[in-house]
Every structure is written in structure tokens, then in C-alpha cells.
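Protein chains in written order, with the working numbering: chain H, 1 to 496; chain B, 1001 to 1496. Glycine included, C-beta positions come from ideal geometry on N, C-alpha and C.
Protein chains: 2
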Amino acid sequence: MIEATAADVSRAFEAAEAAFEEFRRFSAEKRAVFLEAIAEEIEALGDELLSTVSSETALPIAERLVGERSRTLNQLRGFAALIREGSWVAARIDRAIPDRKPVPKPDIRRMLIPIGPVAVFSASNFPLAFSVAGGDSAAAFAAGCPVVVKAHPAHPATSELTAGAIVRAAGKTGVPSGVFSLIQSSRNEIALDVVRHPLAKAVAFTGSLRAGRALFDAAAGRPDPIPVYAEMGSSNPMFLLPGALKERGEAIAQGMAASVMLGGGQFCTCPGLSFGIDGEQLTRFSEKLSALMENAPTPTMLHAGISRSYEDGVCRWSEIQGVHAIRSNAVAEANKQQTRPALFITGVGTFEKHPELSEELFGPSTLVVRCDSPEDLNRIARGLHGHLTATIHGTSEDLVQYASLVSILESKVGRLIFNGFPTGVEVCPSMQHGGPYPATTDSRTTSVGTDAILRFVRPLAYQNFPESSLPLELRDANPLGIWRLIDGRMSKEGVR
Amino acid sequence: MIEATAADVSRAFEAAEAAFEEFRRFSAEKRAVFLEAIAEEIEALGDELLSTVSSETALPIAERLVGERSRTLNQLRGFAALIREGSWVAARIDRAIPDRKPVPKPDIRRMLIPIGPVAVFSASNFPLAFSVAGGDSAAAFAAGCPVVVKAHPAHPATSELTAGAIVRAAGKTGVPSGVFSLIQSSRNEIALDVVRHPLAKAVAFTGSLRAGRALFDAAAGRPDPIPVYAEMGSSNPMFLLPGALKERGEAIAQGMAASVMLGGGQFCTCPGLSFGIDGEQLTRFSEKLSALMENAPTPTMLHAGISRSYEDGVCRWSEIQGVHAIRSNAVAEANKQQTRPALFITGVGTFEKHPELSEELFGPSTLVVRCDSPEDLNRIARGLHGHLTATIHGTSEDLVQYASLVSILESKVGRLIFNGFPTGVEVCPSMQHGGPYPATTDSRTTSVGTDAILRFVRPLAYQNFPESSLPLELRDANPLGIWRLIDGRMSKEGVR
């Protein structure tokens, strides 16, 4: 890997800006073809790509990387389908009323347009789906924005391979080369140069709170602040209500252990925090979970930095008085960056005395908090900071009895799950992957699902423009056949 | 006016937070009734309100204040209609596919929910439409958010009267009183307390770049940053193309003088900057505009601060070598805060050498820049920072010849106007009032029109929730009859 310089960053953004004027005028069809070509080129990399990723990240090829590649291709093709259909631009038309009193009403038409060059920061834990050609890049390209990717230093060869696929796809589909650039660097200063570059118009990031906040602060401190969409993880609290624990406590323990262990606990949706009301059922649940975690295998982590901070965190939590720590009995080989899964159990008093226990401990661990009453659950829910998700395990009677808990949780997260687990984020129009701070820096947006495209656009209104100078989306006849809001009514019809 | 203290700010937000849980659960119908009741109470204030506003702002009752009140009522009633119709929540449903391989697809449903207590900063130049019960408050209430208004110190009695109307409307419609509070203060420290209060979830502001940026910085520096929607004005560049100058140069001069003088030039859409290609037609246009401005009356400004900084700005610009200043011949009475309208004329060289000439000079003034070529226009357009609007005066032939200019301007503004003037912002679904920085801090949003509501919401997804625990908007039968995206298709039908 060759370390990029500040001059490389500038060149990338200058090329992006130069390409923007042409790229944003591409028809949706032409951008869709580009996205599909990227998917094809990634597929064409075949086993070489998967073995490279696996050697750089220790993630297993079978299921995990095969699955992640297929998700990556689906994202690219999904955005191609979205822009081909075309209604996402939210076209609106309010027709003129020339004889309105006291003043005539003008003709106003509005749609979403691309914001400009986007800086994408790759994640380490999704070397394909949230990396060089991942969801952020796909969404930005779909919107019509050039992309400058700051690759994650944990998988440079994977990034180069994927970048090659994008470059070839651009070449084959007539996309100007400045539309994509790759910046490889392990230096914070280069990351900040990317965010501070005057031609950057938005930033997408997936990673730690510390890094995400640093980028946010840099962007907010610019002479012209730009939006930062940082997804900074979460401990995804779970509330285990009495009826559910009674009905299927052991099954929940099994599901939770599997969810915690998935991908070595290196998912931002890993369920790191559970609350239940103390008693026989919660004890049985905890015993089952303890047994599962004691016998859990030792996953190999993505990179040494993650293992280290996981082990540091486990140490810190274990030393808190009142926290009972249970660790896997398996032997971890430190030189292989293996770590031992951990379960922590504590009471509500200790939990509330130690705010660090509600921070994310990234890795295969989870904390069970024994509460004394439904009021405890409500109070704890009220005290939560923002998370990506919250989960409730309950019966329908539980849901009625704990309606106020559900109501409180609605204000704390981006996604509420009932009788399931937060891992496994479905890529679909309804998905919301983004919650109140510190889960993300912008809870109004999602980084997964079709609405991820909305992060890279802004509305533009045309007033009294002649038909021939309007974009196709806003012309009377609706040549693209998209849904539009015409004089306040949704319609696929033409105007007049 | 009693100066609020930091404790008053805290009390306001604590009351707002306490009211939020109940208010956000109100049906849309109940919130709509509240908005309509506010409109009724404002109407019931009758002439007392108008004469109070006029005495505090020097704005004339006839036409201006009568018109602004009617706009204010329309905004409140417009948002009531929007939420009654209900589709604005952007409901989406992706149905489960339990037998999907390799993993089952969950049922996911998503809609927009209110973000929490909103801080609204009143503008001085719209004492009704952008003040206590103005567009920002109406949009926040419509979304289901409590509002803490930091009143503008230039019209305290108007603010008190309007606040009374809101309080009475809340009382009559069963809205908890914490849903609205008024903070009166002229101290910056109190404004910052409002933005930094831990319970504040978003900020809306209309005013100067300096004040808007200070609020933005305070919000970005919070432990949990919150969005700031600051509309900070703009000089709204106009491009006068040769065909239009030839066809109707004098009419454009007349329209421009009227637009510049409207409300004493105290609109954020005041056209402060024009560009044309030097020659006989531009000279004739400038002469006509000079004559109109020389004979323009002397408007009384909103408050002494505005007159002072206007006069300072006029002085600074007049002293720039190469800038020709023409001022109204009328006599301004300084003790009445009257000011003399001003026209500045300069060449492209001087304009490009003095970046201060492209900053907003708030008040009844405008600058005409004589350019040498179409390339000058393109280069100047490329160099523009963000503005709320840009206007092109041209013939259809001009539009074809200057297509690249239009294209450049699309990236610089939120609204493009053809053969019109930027003042007179239509309140409708297609309106976009917000442009790239420094026009606003968030060009993805609008502060005028129905989409203004989107500033105060965020998406929430429900995964596998039982029907009975879902909001009405997301239930199978679609009891509210709203538009929803079901499995990727727009529909008003029920599910299944």
C-alpha cells in the first residue's frame, strides 16, 4: 500500500469536481448501467477477491464473505433499480395561477439533485458491503455524485481489487474517470484532509465513535460546514419481558448467544446490553446464556487494534465491583488476534452507577442487567443515549403491560425489533439504520436501504422555467413515468 | 419585556420534554385542530396585533402586515391540512418472507416520527410569518414537536401577543402547556443556552450569517450535536442575458427596483447582485435603474441595528475604487431609522478583486456588474458561494446559448427563477427556500413550504411488531388512507 499525500487528496477532489458536471447530467439509465457494471466486475474478480478479503480480515469465506459479496452486489443492483424506476427524486409540480389575487401564483417545480463530490470512509468490519464499492459509494453514485473513498487501512489489497473493478466499470460504461478515486492511508491527518477539502460536499463513515466524532468536528469547523453521516455503532439494548422469559427463556438465550457471536461480535448491531426483571426466569435465562458463552469458540478479530481494545474493555468491566464476568473457556491465541467471548451480569444499581457500562464494547460480549421492577426498565430506557436498535422480547400481554416502555424506546433508536435479534440488517426500502447520537451523527438518515441515497442530494426548485429547459423529471408529459406530487396530489399522469 | 434567565430556559425545555410524550401520541387530527386554533386566536387579536407589529417594526399595516398575517394563518392551516391528509409521514412496509433462503425476511415498517423539543429563533423581518407562530413553529407543532421560541428582541410586544394566542389555543384544544414556551431576551448568552440545552433536539433560525453560524457552532460543539436549520440570507444573483435586455431592459429595471425596495430591502430574497454583458442594452438598463433608485423613497428600517449596518455597508462599498454609487435623492431622517436606497455599478475586474461585494448588504441596495463576455458570466457563476436563489432573465434563445450558465447555477442555489424576481416566496409543496452555505446551514431542507416539516422528524423502523402495537399509519388495513410504499410500490391499498 502506498500512503497517499495531501496532494493526492486534492487531485482526487479536483478530478471529482471536474467529472461532476458531466456525471450529474447522465441519464438515470446510464448511471444504472454503471452500477451494474461495477457489480459485474466485482463478480468477475471471483475467488481471488474472496481469498484476499479473508487473508486480510480473518473473516471466513464460506457463508460470511460469500454472503457479504452477494449483499454488496445486491446493493449496487438495488440502487440501479431504484434510479431506473426514478420516483426517488421526489418530483413536485405546483402549477401557475396567473390570475390569482392579490398576486399571480408562479409555476414551481422541484426535485432532488446530487450534492457534489462525496467522501466515503470504509469500515473495517464490512470489507465489501461497507467499503470501497459498498452501500455508501453505491448510494452516492446512484445519486449522481462522484466518490472519493478513504480506504480502511485494515484491508488495503481488498480495497485495491475493488477499486480496480470500479475503474474498469467506469471505463466500459463511459463514466469520466474522476467520478471515483481511492485514497489509501493510515494517517489521521489524511483523513482530516479529506473531510476538510473545499470540494468535498458530504461525508459518509462507518466506524468508531471517536473517529466519527473527529470527522464530524472537522466538517462542522470548515468555513462551509458539510454534512457528516457517521454510523458509530451502538450496544443495541434488549428488554426481556417476563412473559417471554417464561415462555422461551432458553431459546432467547440461544438466539442471543448466536447474535453476540456472529462475525466475532464485530457488528454495529451486536446486542451488547440486556435488561430483565430479576427472578427465577431471568436466572434460568442467565444460566443458559452463561453455559453457551463459556463454551463459545474464540473468534479471530479483524485486526490487532480491535482485539486489543476488546480485551482492554473486558478488563475494565471485569474490575467493576458488582459486575460478574463469565468468559469462554476456550484458549485464545493472542498472536492470531483471537479473543475470548465474555458475558457480564450485574444489578441495576451497579449499572446505573457506571455509565461506561452502557457504552459499546465492540466484540463478542454482552451484559445482562438484573432489574427489580417494571419501573426500573422504564427509568433505564429513559436514561439511554441513542442506539441503532432496541429489541423487546415479550408476549402480546407483555406488550400491553409494557406499552410505556415501547413508547420510551421509540425516542431512543432508529429500529425497534420485536422477538428477534438486531443482527442481520435487511436491505430494503423500510430499513432504518441510524439512530440518535451517539449511534449516528444524523438520525434523520439511514446508511442501509434505498433511502441511503437521500444523504447525497438536496432539493432544487425551478420557477417559471420553460418546458424545454427543465429536467425530464419535471416536464409536463412525465416522460419518465415517475410518481410526482402535482398540485398536492400524487400522480403518474402528465400535467394539463 | 422581562429578560429571561438560564433557569427560564431550563424550565421551558423541561416542560417541553414532559409534554412531548403526550403530544407526539396525539392523532394528526388533534394536532391539526391545535394549529387551526392558533390561527383563529391570531385572527381574534384583530387590529391590536397589526398596530402593535407596525409600531414595533415600522412595517406598514396595509398590504404588508395584512398580507403577512394572512400568510401566517395560511401556513398554520396549510400544515393542518398536510397532517390531516397524512401521507407526509412516508410510511413504508416491506412484508415478511418467512421461507426466504438463506435467511427469512422479516416484516419491516417505517415512518417519520417527531424528533423532540425544537428551539425556534424568530426573525426580525417577518414579525408574524417567521416569528413566534410562524412557519418554523407551525412545522414543528405539525410534526408533533414541542417548541421553545427565542423571540426576536426587536418586537417583544408582538411576540407576547402571539404567544398568548398559542397558549389560549393549547388550552382550548387540550394540548399540554409545556408544548410551547416563549423566551424573551436580548442577550447572546441566553440564545446559546437555548441551543446548548440538553433537551433541545433541533434548532430553526432565520437571520444573519454571523448569528446563524454562532448557533450552528454551539450546536455542533454539544456533547450530542443537534441539527441547526439556519436561513442566513443571500444576495440572490441575477443574470441579465442579452436577448432579454434588448427585448425588455426597462421593464426588468422597473421590476428589479420594485423587488429591491420591497419591505425596505429587508427580505432574504432581495436581489442584491446582477450581472450583464457590457454594451448599449446594459447601459440603458443601468440608466433606467439609476433613475428609479435616485427617486426611490426612504424606507424606515426594522430597527436601528439594521439601519446602522446598512449605512456602514453602503459606505464601505462606496469607497471601493471602481465602484460607482448612486443613492436616492430623498432625505432620510436618521432618528426615524430611515435609509436611502443605493445602486452600485462596477466592472467585472473590480467585482472579482473585492470578495466583500458578493456578500449580502441587507437593505434597499443592489449592485450591477458589467461583464465583458459570456465566459465572464460562467466564471463568475462558478465562483459564487451558495445563495437562496438565482434568477435568469432571458429569451428562449438566450437559454439555449447560455445552457452552461444555467447548469452551473443549479449547483449554487436552492431555487432558480426565470424571467421573474426572487422576492415573493410562494408557500407550496414545491417551494425550496434554502441553498448551499452560507445561504443556509443545511441545504437539504427548506424553511418554506410543506417540506419544512421534514426538519423536525426522523425515520423509525418497526421489525416484526404485532399489528396492534403499530402506529395507525403502519397497520395492514391503512385506516388513515394514506399513500404508502408497500414492497417498493406506492399504494393507498391495505396490505394482504
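Here residue 475(H) carries a coil assignment [DSSP, helix/strand/coil].
Taking a cut-off of 8 Å on C-beta distances, the region 426-445 of chain H touches the region 219-235 of chain H, as three or more cross pairs fall below it. Ranked by Cα distance from residue 296(H), the first of 458(H), 284(H), 265(H) is 265(H). Scanning the region 184-246 of chain H from its first residue to its last, the whole alpha helix (DSSP H) runs of 4-plus residues come out as 188-196, 209-220.
Sorting 343(H), 140(H), 312(H) by C-alpha distance to the C-alpha of residue 294(H) places 343(H) at the top.
In this structure, DSSP gives residue 1437(B) a state outside helix and strand, which the three-state scheme calls coil. With respect to the 8 Å criterion, residue 1013(B) and residue 1152(B) are not classified as neighbours on the basis of their beta carbons. Of 33(H), 363(H), 482(H), the smallest CA-CA separation from residue 168(H) is found for 33(H).
Here residue 444(H) is not near residue 432(H), since their CB atoms are 8 Å or more apart. Excluding its 5 nearest sequence neighbours in each direction, residue 1211(B) has no C-beta neighbour in its own chain below 6 Å.
Among the residues facing chain H, residue 1464(B) is included, as its CB has a counterpart in that chain under 8 Å away. Inclusion of residue 1448(B) and residue 1413(B) in the CB contact set at 8 Å is not warranted, their separation being larger than that value. Residue 1172(B) and residue 1090(B) do not touch by the CB rule: their CB atoms are close to 31 Å apart, not below 8 Å. Inter-residue distance for residue 1378(B) and residue 1072(B) is about 39 Å (C-alpha atoms, whole angstroms). A distance below 8 Å separates the beta carbons of residue 365(H) and residue 314(H). Any Cβ of chain H closer than 8 Å to the Cβ of residue 1399(B) would place that residue at the interface, and such an atom is present.
For residue 1450(B), the closest alpha carbon among the candidates 419(H), 489(H), 465(H) is that of 489(H). Note that the C-beta distance between residue 206(H) and residue 130(H) is below 8 Å. Counting the other Cβ atoms within 10 Å of the Cβ of residue 321(H) gives fewer than 16, which makes it exposed. Of all alpha-carbon atoms in 1106(B), 1495(B), 1273(B), 1228(B), the one lying nearest the alpha-carbon of residue 1464(B) is that of 1106(B). Scanning chain H for C-beta atoms nearer than 8 Å to the C-beta of residue 1483(B) yields 490, reported in chain order.
Under the criterion of beta carbons closer than 8 Å, residue 1028(B) and residue 1086(B) qualify as touching, at roughly 6 Å.
Restricting attention to alpha helix (DSSP H) runs no shorter than 4 residues, the region 1270-1313 of chain B encloses them at 1280-1294, ordered along the chain. With the criterion set as a beta carbon lying under 9 Å from some beta carbon of chain H, the members of the region 1428-1450 of chain B are 1428, 1429, 1430, 1431, 1432, 1433, 1434, 1435, 1436, 1437, 1438, 1441, 1442, 1443, 1444, 1445, 1446, 1449, 1450, in sequence order. Listed along chain H, the residues sitting closer than 9 Å to residue 1106(B) by beta-carbon distance are 417, 420, 424, 426.
Each residue's CA atom was taken as its position, placing residue 1166(B) and residue 1486(B) some 38 Å apart. Annotation for residue 1374(B): the continuous alpha helix (DSSP H) segment containing it runs 1374-1383. Contacts between residue 126(H) and chain B, judged by CB atoms closer than 8 Å, are missing: the closest CB pair is about 17 Å apart. Distance from the Cα of residue 1238(B) is smallest, within the candidate group 1134(B), 1388(B), 1216(B), for 1388(B). Counting along the chain, residue 458(H) sits inside no alpha helix (DSSP H); it lies in the beta strand (DSSP E) bounded by residues 457-463. Between the alpha carbons of residue 304(H) and residue 193(H) lies a distance of about 26 Å.
Taken atom to atom, the span from the alpha-carbon of residue 143(H) to that of residue 473(H) is near 14 Å. The residues 1281, 1284, 1285, in chain order, have a CB closer than 6 Å to that of residue 1249(B) in the same chain once the five nearest residues on each side in sequence are set aside. Between residue 1236(B) and residue 1209(B), the C-beta spacing is not below 8 Å. Annotated as distal: residue 111(H) and residue 429(H), with beta-carbon spacing of 8 Å or more. Per the coordinates, the alpha-carbon of residue 7(H) lies some 10 Å from the alpha-carbon of residue 190(H).
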